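Asker: Before I ask anything, here is the structure I am working with.
In this note's numbering, the protein residues as written are 1 to 71.
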């Protein structure tokens, strides 16, 4: 039940981000889906690190895009 709620949350974030053209929300939704997939596979030691790593990567990419657009 919790697994499906997470899948729906991640997919909903990705769909909303696609319509609003928000890259950060898209990355966040993909990180949620990737984390749930890793939990489903059974890599419980790796899964808690994914949201933090994914959000850090998303923030880095977004800041580079913003910097490029303002320069």
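For glycine and all other residues, C-beta sits at the position ideal for the given N, C-alpha and C. Keep in mind it's a predicted model, so treat the numbers as computed, not measured.
Does DSSP put residue 12 in a helix, in a strand, or in coil?
Answerer: DSSP places residue 12 in helix when its eight states are reduced to three.
Asker: Please confirm whether residue 58 and residue 39 have their CB atoms less than 7 Å apart.
Answerer: Cβ atoms of residue 58 and residue 39: not closer than 7 Å.
Asker: If we ignore side chains and look at the alpha-carbon of each, how far apart do residue 32 and residue 70 end up?
Answerer: The straight-line gap from Cα to Cα measures roughly 30 Å.
Asker: What is the rounded straight-line gap between the Cα of residue 15 and the Cα of residue 23?
Answerer: Going from the Cα of residue 15 to the Cα of residue 23 covers about 11 Å.
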